[in-house]
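K.L.:
Quick one: the structure is below, questions incoming.
Right, here's the structure in full:
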């Protein structure tokens, strides 16, 4: 059993428990209790799971005298077998931070002023009714998080899409997981991760594309490390311009120039096709589109891909051989692909490898198009991030009719004239003045969105009424017209689902501080005050608490891919975590999808008809039906195009942003935790040794990083990042500094641009320059 303060900062992955291919991952229970408390002195342990990364680690919350005093891993949980991430270990302390939002606030004469709930909600409701009367539903926008619970997302989706009838609904999952969802829709007709974390136990090759799993899903990396320490370790392919911990363990490390992922993937696929590493029987029986792919990748021999990407042609061949000769291949994808140029096109090519090799639905053979947030999967399922509830197809009238019947509304009340609006377009509407009310819950766009000067300008507009629902003061609450104090994890009950479709129940352990309320209660209170009704005059939404909301969601999910009808709070209590679909046919859940070669891609059932991978133009239903009448997997080829912004004489570097293991998002929680704050207190810039020498920068010097949009000052770290590339962690805003202007937020530098298919903003292709601001001696 692991306890203690220092070990999980200095050693974030803990001790090794090696195991062999095909074996069971050994248990290792991690625990941290405050004040040197002994486990037997804890009053009670309350079931939950992690919410500071997307892995979904099962854990118990320790409660003593009505307050949280620690956590321990659940040794029987299918996800983590007792292990905890460093953020799990220490992050719970943020709940008791003295600067929690405890009281509603409204803006009076330019200043945020405390008030009671009636006053705050009356102002929101009065403004809402005035906008509905004057401008209609399209004046409303809702921007939520990847950290609420399923029950809260579904409630928000019903209010926004159903009761109000606005199309402007999205989540900050747009920044981390939109491409994951889109890539799965493009290849399989529907969202839903084909694979499971248990593929690590069986794989002989693990390929990680733009996925620094060692810092983003730390417990999953522990599982990989334990396989690597075992008697028959898997080969590792790492695609990342940085020399991350993953790269240090890689059999082959490809470090492409940012923005060239499609060219690299086409080069790998060229070799797989050329060498006959294709399961032709599987492709013939279960897929469409192979001939188009064959023609496209023929244009990308390794020498051409190498020239575009700035990597070795021999390394491309070596990587392709790993992929093409693997007996059991696991692939994972994350922000290095999702937040870069041609995001969806690149991620789809990873899917193509698995379709060509017939490696889906079997132990060790799977895909994980990863999430960045703990409840990102739920935003997608519930219709709170630019999708429709239950993975329904916005351009299939029968699906809209199903939702209308579920919600007892007229079908035309649910907007389906176009796909739900993504956040970057919502902000453009706000900038233009057509979107007049923006309700932000549990996220901090004033730090997390690109080109922050523009974002601050939009959020500060006099004509935009900004409601912010959060647990702490943030850069975004500072701009709000109304601030609503929310309860957070451990202060409310609900369910959430991780990347590999594992559903956990999180029970309430302690009361929220002051007047803070669960997000579900806030949304339902708003609906009641607005007087939302279905066509029979009944309250909409009809539920009143988390469990009744979950029951309503079960009805919505019935018969859809994300079927929860076999789950219940009682079944989840004490469980190891259960993967959907869980229903009468799969009463204990479903470990892997598509094991029978059948996909959720039938034209009448699929979630989406797909898009052009270059323009993002949606396919018409008739086009999709003609292309894929039998609902097979779809092999989609992609042409490579250069990024919109590339290094030049004035800005010679490619700037990428990313994460550190010790912080989460904009540090709203982790920045208030002593151990985590001390482990990574300030922004830094990574630069290669050759580039540092050329610019005259030494380790620890203050450096200025500048793009056409702004400047950030950060201490230099000289690392193994590829030459010509700079890296900034994006976590750092200015809420905890005295700086009048934010000069350490990476998103001061990023550009307003997004992938045409997934609409995910691009954070990894900005052109930048670098200069010494002061030497290490001066800056210390």
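In the UniProt record's numbering, the protein residues as written are 1 to 780. Just so you know, even glycine gets a beta-carbon here, dropped at the ideal spot from N, CA and C. Keep in mind it's a predicted model, so treat the numbers as computed, not measured.
Nearest by alpha-carbon distance to residue 304: which of 8, 694, 293 and 263 is it?
P.N.:
As a first step, residue 304 is located in the chain shown; it is residue number 304 there, counting from the start. Closest by alpha carbon: 263.
K.L.:
Rounded to whole angstroms, what's the CA-CA distance from residue 384 to residue 145? Just pull it up for me.
P.N.:
What you label residue 384 is simply residue 384 of the chain shown in a count that begins at 1. What you label residue 145 is simply residue 145 of the chain shown in a count that begins at 1. If you take the alpha carbons of residue 384 and residue 145, they lie about 9 Å apart.
K.L.:
Going by DSSP in three states, residue 470 sits in which element: helix, strand or coil?
P.N.:
On the chain shown, position 470 is the one that residue 470 refers to. Strand.
K.L.:
Do you know offhand how far residue 409's Cα is from residue 190's?
P.N.:
Counting from 1 along the chain shown, the entry for residue 409 is found at position 409. Counting from 1 along the chain shown, the entry for residue 190 is found at position 190. Going by the C-alpha atoms only, they are around 25 Å apart.
K.L.:
Just tell me which of 46, 87, 514 and 64 has its CA closest to the CA of residue 12.
P.N.:
The sequence position of residue 12 within the chain shown is 12, counting from 1. Of 46, 87, 514 and 64, the residue nearest in Cα terms is 87.
K.L.:
Where are the alpha helix (DSSP H) runs, 4 residues long or more, that stay fully inside the region 212 to 240, in chain order?
P.N.:
Qualifying alpha helix (DSSP H) stretches, in chain order: 213 to 216 and 218 to 228.
K.L.:
For residue 792, which three-state DSSP category applies?
P.N.:
The structure shown does not extend to residue 792, since the chain is modelled only from 1 to 780, so the question has no answer here.
K.L.:
Taking three-plus beta-carbon pairs below 8 Å as touching, is the region 684 to 700 in contact with the region 716 to 734?
P.N.:
Contact holds: three or more Cβ-Cβ distances are below 8 Å.
K.L.:
Spell out a yes or no on whether the region 393 to 409 and the region 130 to 137 are touching, meaning 3 or more CB-CB pairs, one atom from each, closer than 8 Å.
P.N.:
Not touching, per the Cβ criterion.
K.L.:
Quick check on DSSP: helix, strand or coil for residue 611?
P.N.:
Position 611 of the chain shown holds residue 611. Three-state DSSP puts residue 611 in a strand.
K.L.:
Who pairs with residue 143 in a beta bridge, going by DSSP?
P.N.:
Against the chain shown, residue 143 aligns to sequence position 143. According to DSSP, residue 143 bridges with 170 and 440.
K.L.:
According to DSSP, what are the bridge partners of residue 207?
P.N.:
Walking along the chain shown from the start, residue 207 turns up at place 207. Residue 207 pairs with 237 and 331.
K.L.:
Under the three-state reduction of DSSP, which class applies to residue 60: helix, strand or coil?
P.N.:
As a position in the chain shown, residue 60 is number 60, starting the count at 1. Note: residue 60 maps to strand in three-state DSSP.
K.L.:
Just mark residue 402 as buried or exposed, buried being the case when its beta carbon has 16 or more other beta carbons within 10 Å.
P.N.:
Translated into positions along the chain shown, residue 402 becomes position 402. It is buried - the Cβ of residue 402 has at least 16 other Cβ atoms within 10 Å.
K.L.:
How is residue 461 classed by DSSP in three states: helix, strand or coil?
P.N.:
The sequence position of residue 461 within the chain shown is 461, counting from 1. Coil.
K.L.:
In the DSSP assignment, find the unbroken beta strand (DSSP E) run with residue 272 in it and report its ends.
P.N.:
Looking up residue 272 in the chain shown gives position 272. Element bounds for residue 272: not the beta strand (DSSP E) but the alpha helix (DSSP H), 261 to 274.
K.L.:
Give me, in chain order, the residues of the same chain whose beta-carbon lies closer than 8 Å to that of residue 446; leave out the 5 immediate sequence neighbours on both sides.
P.N.:
Looking up residue 446 in the chain shown gives position 446. Around residue 446: 452, 455, 456, 459, 474, 475, 476, 478, 479 and 733.
K.L.:
State the CB to CB distance for the pair residue 824 and residue 170, rounded to an integer number of angstroms; the pair is presumed to be in contact (CB under 8 Å).
P.N.:
Since the first and last residues shown for the chain are 1 and 780, residue 824 lies out of range.
K.L.:
What span of residues does the alpha helix (DSSP H) with residue 789 cover, start to end?
P.N.:
Because the chain here runs from 1 to 780, residue 789 falls outside it and cannot be looked at.
K.L.:
Hey, quick one: how far does the alpha helix (DSSP H) through residue 694 stretch, first residue to last?
P.N.:
Translated into positions along the chain shown, residue 694 becomes position 694. Note, residue 694: alpha helix (DSSP H), 689 to 695.
K.L.:
Looking only at C-alpha atoms, which of 705, 396 and 154 sits nearest to residue 728?
P.N.:
Sequence index remark: in the chain shown, residue 728 carries index 728 (1-based). Selected option, being the one with the closest Cα: 705.
K.L.:
What separation, rounded to the nearest whole angstrom, lies between the Cα atoms of residue 267 and residue 658?
P.N.:
In the chain shown, the residue the question calls residue 267 occupies position 267. In the chain shown, the residue the question calls residue 658 occupies position 658. Computed Cα separation, rounded: 26 Å.
K.L.:
Any idea what DSSP makes of residue 113, helix, strand or coil?
P.N.:
The residue you call residue 113 lines up with position 113 of the chain shown. Strand at residue 113.
K.L.:
Can you check the UniProt domain "4Fe-4S Mo/W bis-MGD-type" (43 to 99) for any alpha helix (DSSP H) of at least 4 residues that lies completely inside it and give the ranges in chain order?
P.N.:
Entirely contained in the UniProt domain "4Fe-4S Mo/W bis-MGD-type" (43 to 99), the alpha helix (DSSP H) runs reaching 4 residues are, in chain order, 86 to 91.
K.L.:
Which one of 295, 252 and 493 has the shortest CA to CA distance from residue 510?
P.N.:
Mapped onto the chain shown, residue 510 falls at position 510. Looking at the Cα atoms, 493 is the closest of the given residues.
K.L.:
Ignoring anything shorter than 3 residues or poking outside the region 382 to 449, list the beta strand (DSSP E) runs there in chain order.
P.N.:
With a minimum length of 3 residues, the continuous beta strand (DSSP E) runs that stay inside the region 382 to 449 are 437 to 441.
K.L.:
Taking the straight line between their C-alpha atoms, what separation do you get for residue 187 and residue 758?
P.N.:
Indexing the chain shown from 1 puts residue 187 at position 187. Indexing the chain shown from 1 puts residue 758 at position 758. Distance between the alpha carbons of residue 187 and residue 758 is about 13 Å.
K.L.:
Hey, residue 440 and residue 466 are a contact pair by Cβ (cut 8 Å); roughly how many whole angstroms apart?
P.N.:
Start at 1 with the first residue of the chain shown, and residue 440 comes out as number 440. Start at 1 with the first residue of the chain shown, and residue 466 comes out as number 466. Sure, about 7 Å apart at Cβ, within 8 Å.
K.L.:
What is the DSSP secondary structure of residue 495, counted as helix, strand or coil?
P.N.:
As a first step, residue 495 must be located in the chain shown, where it is residue number 495. Reduced to three states, the DSSP call for residue 495 is strand.
K.L.:
Over what stretch of residues does the alpha helix (DSSP H) that includes residue 620 continue unbroken?
P.N.:
By 1-based counting over the chain shown, the position of residue 620 is 620. First-last for residue 620: undefined, no H or E at that position.
K.L.:
Kindly list the residues whose CB is nearer than 8 Å to the CB of residue 628, restricted to its own chain and excluding five residues on each side of it in sequence; keep chain order.
P.N.:
For the purposes of this step, residue 628 is identified with residue 628 of the chain shown, where counting begins at 1. 189, 288, 601, 603 and 634, listed in sequence order.
K.L.:
Can you name the start and end residues of the beta strand (DSSP E) that residue 160 belongs to?
P.N.:
In the chain shown, residue 160 corresponds to position 160, counting from 1. No beta strand (DSSP E) holds residue 160; DSSP gives it neither H nor E.
K.L.:
Who are the near neighbours of residue 572 in its chain, counting only those whose CB is closer than 6 Å to its CB and skipping five residues on each side?
P.N.:
Translated into positions along the chain shown, residue 572 becomes position 572. Cβ neighbours of residue 572 beyond the five flanking positions: 505.
K.L.:
Considering residue 31, what are the terminal residues of the beta strand (DSSP E) in which it resides?
P.N.:
Position 31 of the chain shown, counted from the first residue, corresponds to residue 31. Residue 31 -> beta strand (DSSP E) spans 31 to 33.
K.L.:
So residue 107 is in the beta strand (DSSP E); what residue range does that whole segment cover?
P.N.:
The residue you call residue 107 lines up with position 107 of the chain shown. Its beta strand (DSSP E) spans residues 105 to 108.
K.L.:
What is the C-beta distance between residue 113 and residue 105, in whole angstroms, given that I count them as a contact (C-beta under 8 Å)?
P.N.:
Translated into the one-based positions of the chain shown, residue 113 becomes position 113. Translated into the one-based positions of the chain shown, residue 105 becomes position 105. Contact holds; Cβ gap of about 6 Å.
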